[in-house]
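If you read the protein sequences in the order shown, they are chains A and B.
The first sequence lines up with residues 107 to 597 when you count with our numbering.
The second sequence lines up with residues 1174 to 1470 when you count with our numbering.
Every residue, glycine too, gets a C-beta built ideally from N, C-alpha and C.
Written out below as structure tokens is the structure these notes cover.
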Amino acid sequence: MRWLFNLSFRRKIPLWTSFLISLSIFVVGAALMTRAYEDMKRAVVISASNLGHTLANTVAPALLHDDVWRAFEIVRSPIGGEPAQTPVQVDAVVVLARDHTVFVSSDPDTLPTLAEPPALGVDWVRLSTRLGAESNWPLVLEPDDSDYLYLALPIIDRDAQLGHLVLRYSKSVFHPWFIDSLWHGVEIGLLVLAVLIPINWYWGRRMATPLVDLAQRMGTILETVPAPLPPDLYPYEDELGQLFQAYDRMALALRDKAALENEMVKSERLAAIGQLTAGIAHEINNPLAGLITVVDTLKLQRDLDPRTLRQLELIDRGLMQIRDTVAALLVQTRVQARPLNQHDLEDVHTLIQTQVSKRRVRLEWSAAMPAELPAPASLVRQILINLLLNAVQAAAEGGRVSLWLGRKDGAESSLSMVVRNDGTLLGDEQLAHLFEPFASTRAGGHGLGLWVTYQIVTQLEGRISARNIDGQVEFLVNLPLGEMPCSTASA
Amino acid sequence: MTPSIPNSLPNRNRRKWLINSACLATTGLIGLTRKASATGGKLRVGMTPAFLHDQHRLLDEWREFMAASLQRPIEFVFRDSYRETMDLLRLEKLDFAWICDYPYLHLKQEVRLLAVPLYQERPYYRSYLIVRKDNTQFKSMADLSGSVFAYADPYSNTGYLAPRYHIRNLGHDPASFFRKTFFTWSHRKVVEAVASGLAQGGAVDSYIRDTLVHVEPELALRTRVIWRSPEYGFPPFVSHRSVAASDFQLMQKHLLEMSATEKGRSLLTRLNLDGFTIGNQSLYEGVARMMRAFGEA
């Protein structure tokens, strides 16, 4: 039985409702049929007593004058030529004399004139007994073991009782009639089912399908980040609809959480890398300064042969390269607090112009800012130069690079910079490690530009992100504005 | 079933007028009577259950044929029992009537014999004793003792007088021979009563039972004849003694010549008769004898 309850709603709803519809039709049908059977019996009794009164009045003179033939013609008149077909059709009419012998009957073969009750069967003996005692007319007699229902009335002329009129109805006609009605009922019931069940299946599936869909999504919620629900899955406001909305809200929250976690993992990694590089850089810088001093001192000696001198210069250049690299890794944001102004932007525009011309890139410049902004000018310049040069390099030959700078949605407390290029889009792997040092895939780059940019933005408590949008690569930087930063954060 | 008095008044008035006019005319005709009808008054003919009087279409055609032949309006008067027709004759509500031989003898003083139908070329018929065909235990009247029996009419010869006479001849009292008897007021219904099983036996006119075999075989053949009486004179056409001699002759001539015309023959065939003869009193001697036996004449 349990398997029945374990079925999918897709089947359970139509099955249950079909079962309930069938049950209702059956119960209502049975009640109606029982009622119909009772009504039929009542109709028989009413019709019988009407007929009985008429016949009793009509047959009275014939009985009074002992006119058997007239009485026979009267009692035979309601009998059709065929055997009774409907329950209200009388099967036999009998006139009993005062002594309860048959005076005349519509069926002389089985109920002959002058026959006494015992000769006619046990029903007639019962009837005869009841007739003597009865005072409440009409008398209805329906023996359980009999195929007939009897209705009896006295035949009265003025105040003299001449005899009794008995109407006999065949119960065997009741049953086929009842069965016939039952079949009619069943046919109508089946017709109703034929109409209701497809509607019910359709409705049940319609309700179950989104539910099943939801259940499947819920089942995988721990393994994958849930995708948003299709908006037309269940566009109604009932409890089911509310459930779907709640699911949607939950899915959204889960997606945000996942993104946040992702971001946190990334920032933590980058912070760890930053600490590591800074540590290494310090460790290198201290001996490096000594080495450079030693090499400088050696180069000042006069008696150096040219070969040694050449080797010293080789060492010197190598040390210089190490210093530059380490200096790049050790991002210093300790700056003078000069606010950003229009000239800084013009400078940046001028500075990158050489590269722009060389790559024949179209540069779209959209910088909306007041004369001055409370942001560290040199750092913003460095960020912009890094991002723009990167973009120019990444853009296709003769491609397009755009800058948008301003305060988004009128936000007074932050400065947004958006740099886009139409070069090759970034892969997932690239996006994951974009801001790590030496992550560049581009030939000729040392892979520290974005690292430096990231370090600056992070140290200014801003945010930097990259994404592919509308077939372009976009870098978005948000820097908080406010009191002129005088942070001297250094890695 | 009482005769309607308002209807009789115009007749009486007309009769007076006719008498007066006839007297004034002093025609001195022999046939002049109270019912002078030389001017062509309506003739009323009583039809009794002596034959299949419920064949209304046939009777309608006969009436039209009679009216055309006599050049007189004809009215057929139907009553359900012999007694009623006899009463109408006594009250002079009828000019002519087709009655059973037994009533004829009762009414001998009031009526004249007009013509006797020919059945199977002869003016005779019998009484049949019938039982249900499937009831093989009854072979004679004696077997029916203590049964329920259907008579046709208390004024019927073949349907009442003849069977009772037969019982009497068997040495029984007709009043107590059967357990129960009843009248059906028509020979046809005797056949029906026996066929339906209401009565175990019945007495019926041989002419009617034989005719029914042709007309309604499904009813008639459910019965079986177990005894045939001697022959009696066929139920006659009579006229009231007050009917004018001319009318009497006119009607008699019509009946006697009926078989001479095609239409008349066709009607006779459908009545299962061959024609009419004048007949005479001696035809009914058998009935008179039975009546005497019961002290009725």
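{"Item": "Any idea if residue 1306 of chain B is buried or exposed, counting beta-carbon neighbours within 10 angstroms, 16 or more meaning buried?", "Value": "exposed"}
{"Item": "Which of helix, strand or coil does DSSP assign to residue 1214 of chain B?", "Value": "coil"}
{"Item": "Please list, in chain order, the residues of the stretch 169-181 of chain A that have any C-beta partner in chain B closer than 8 Å.", "Value": "172, 173, 174, 175 and 178"}
{"Item": "Do residue 1380 of chain B and residue 1460 of chain B have their CB atoms nearer than 7 Å?", "Value": "no"}
{"Item": "Among residues of its own chain, excluding the 5 on either side of residue 1203 of chain B, which ones have a beta-carbon nearer than 8 Å to its beta-carbon?", "Value": "Low confidence applies here, because residue 1203 of chain B scores a pLDDT of 38, under 50, leaving its location unreliable; read the following figure in that light. Result list for residue 1203 of chain B: 1418, in chain order."}
{"Item": "Is there a Cβ from chain A that is less than 7 Å from the Cβ of residue 1369 of chain B?", "Value": "yes"}
{"Item": "When the cut-off is 7 Å and only beta carbons count, does residue 1353 of chain B lie next to chain A?", "Value": "yes"}
{"Item": "Can you give me the Cβ contacts of residue 582 of chain A inside the same chain, cut-off strictly under 6 Å, excluding the 5 residues immediately before and after it?", "Value": "524 and 571"}
{"Item": "Which first and last residues belong to the alpha helix (DSSP H) in which residue 1305 of chain B is found?", "Value": "Premise fails: residue 1305 of chain B lies in the beta strand (DSSP E), 1300-1305, not in any alpha helix (DSSP H)."}
{"Item": "Output the distance between the C-alpha atoms of residue 505 of chain A and residue 467 of chain A, rounded to the nearest integer angstrom.", "Value": "5 Å"}
{"Item": "How long is the line joining the alpha carbons of residue 1457 of chain B and residue 1414 of chain B, rounded to whole angstroms?", "Value": "19 Å"}
{"Item": "Find the nearest neighbour of residue 1396 of chain B within the set B:1302, B:1355, B:1231 and B:1279, judged by alpha-carbon distance.", "Value": "B:1302"}
{"Item": "Can you say whether residue 370 of chain A is buried or exposed, counting buried as having 16 or more other CB atoms within 10 angstroms of its CB?", "Value": "exposed"}
{"Item": "Assuming contact is defined by CB atoms lying nearer than 7 Å, are residue 1472 of chain B and residue 1215 of chain B in contact in what I supplied?", "Value": "Because chain B spans 1174 through 1470 in this model, residue 1472 of chain B falls outside it and cannot be assessed."}
{"Item": "Could you confirm whether any beta carbon from chain B is found closer than 7 Å to the beta carbon of residue 164 of chain A?", "Value": "no"}
{"Item": "Give the secondary structure of residue 344 of chain A by DSSP, where H, G and I count as helix, E and B as strand, and everything else as coil.", "Value": "coil"}
{"Item": "In whole angstroms, what separates the C-alpha of residue 1398 of chain B from that of residue 1273 of chain B?", "Value": "21 Å"}
{"Item": "Alpha carbons only, please: which of A:532, A:220, A:555 and A:299 is nearest the one belonging to residue 580 of chain A?", "Value": "A:532"}
{"Item": "Considering just the uninterrupted stretch of the beta strand (DSSP E) at residue 1349 of chain B, what are its terminal residues?", "Value": "First-last for residue 1349 of chain B: 1347-1350, but that is the alpha helix (DSSP H), not the beta strand (DSSP E)."}
{"Item": "If you compare alpha carbons, which of A:286, A:326 and A:274 is closest to residue 609 of chain A?", "Value": "Here chain A has residues from 107 to 597 only, and residue 609 of chain A is not among them."}
{"Item": "Of the choices A:342, A:232 and A:332, whose alpha-carbon is the least far from that of residue 362 of chain A?", "Value": "A:332"}
{"Item": "Among B:1352, B:1353 and B:1385, which one has its Cα closest to the Cα of residue 1368 of chain B?", "Value": "B:1385"}
{"Item": "Beta-carbon of residue 161 of chain A versus every beta-carbon of chain B: anything under 7 Å?", "Value": "no"}
{"Item": "Residue 561 of chain A: which of A:540, A:401, A:359 and A:306 sits nearest, CA to CA?", "Value": "A:540"}
{"Item": "At what residue ranges does the stretch 148-226 of chain A contain a whole run of the alpha helix (DSSP H), taking only runs of 4 or more?", "Value": "174-182 and 223-226"}
{"Item": "At the 7 Å Cβ level, is residue 1309 of chain B part of the contact set with chain A, yes or no?", "Value": "no"}
{"Item": "At 8 Å on the CB atoms, spell out the chain A contacts of residue 1357 of chain B, in chain order.", "Value": "175"}
{"Item": "Please say whether residue 544 of chain A and residue 553 of chain A have beta carbons closer to each other than 7 Å?", "Value": "yes"}
{"Item": "Using C-beta distances below 7 Å, list every residue in its chain close to residue 471 of chain A, excluding the 5 sequence neighbours before and after it, in chain order.", "Value": "455 and 509"}
{"Item": "Could you list which residues in chain C have their beta carbon closer than 8 Å to that of residue 220 of chain A, in chain order?", "Value": "Given the protein chain composition of this structure (A and B), no chain C is represented."}
{"Item": "With a cut-off of 8 Å, do at least 3 Cβ pairs link the stretch 139-146 of chain A to the stretch 341-359 of chain A?", "Value": "no"}
{"Item": "Counting contacts by CB-CB distance shorter than 7 Å, is residue 214 of chain A in contact with chain B?", "Value": "yes"}
{"Item": "Out of A:512, A:460 and A:396, which has the shortest C-alpha to C-alpha gap to residue 586 of chain A?", "Value": "A:512"}
{"Item": "Look at the alpha carbon of residue 365 of chain A and the alpha carbon of residue 311 of chain A, and state the distance between them as a whole number of angstroms.", "Value": "36 Å"}
{"Item": "Start and end of the beta strand (DSSP E) containing residue 335 of chain A?", "Value": "Taken as a continuous stretch (DSSP letters only), residue 335 of chain A belongs to no beta strand (DSSP E), as it is neither H nor E."}
{"Item": "Cβ closer than 8 Å: which chain A residues qualify as neighbours of residue 1362 of chain B?", "Value": "175"}
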